[in-house]
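Undergrad: Take this structure, written in structure tokens, and hold onto it; I'll ask about it next.
In the numbering used here, the protein residues as written are 60 to 138.
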């Protein structure tokens, strides 16, 4: 049986790997922001793993621009 989140003390975290993917490919935040047609500040938050709520449209644009899968950018860490 699945416990409710409210009953669980620790449920883990989701981390962004955008920095690693960009660094591997030599892409700057400015280049990526232009490529996905969004503000630098949006890409910067993703780059710094400071996103609190995911915008699925931005996630799709990032995957398209970087030619990667969602699981290349998001990682779930168990507690």
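Where a beta carbon is used, it is the ideal one built from N, C-alpha and C, also for glycine. Keep in mind the model is a prediction, meaning the values are calculated, not measured.
1) Does the Cβ-Cβ distance between residue 77 and residue 113 come in under 8 Å?
2) Taking the straight line between their C-alpha atoms, what separation do you get for residue 96 and residue 86?
3) Quick one: grab the DSSP three-state call for residue 110.
4) Please confirm whether residue 69 and residue 134 have their CB atoms less than 8 Å apart.
5) Pick from 72, 80 and 71: whose alpha carbon is nearest that of residue 129?
TA: Per the coordinate set shown:
1) In the chain shown, counting from the first residue as 1, residue 77 sits at position 18. In the chain shown, counting from the first residue as 1, residue 113 sits at position 54. Not closer than 8 Å, so no.
2) Sequence index remark: in the chain shown, residue 96 carries index 37 (1-based). Sequence index remark: in the chain shown, residue 86 carries index 27 (1-based). Roughly 15 Å between the two C-alpha positions.
3) To locate residue 110, count along the chain shown from 1; it is residue 51. In the structure shown, residue 110 sits in coil (DSSP, three-state: anything other than H, G, I, E or B).
4) Taking the chain shown and counting its residues from 1, one reaches residue 69 at position 10. Taking the chain shown and counting its residues from 1, one reaches residue 134 at position 75. No. Outside cutoff.
5) For the purposes of this step, residue 129 is identified with residue 70 of the chain shown, where counting begins at 1. Per the Cα distances, 80.
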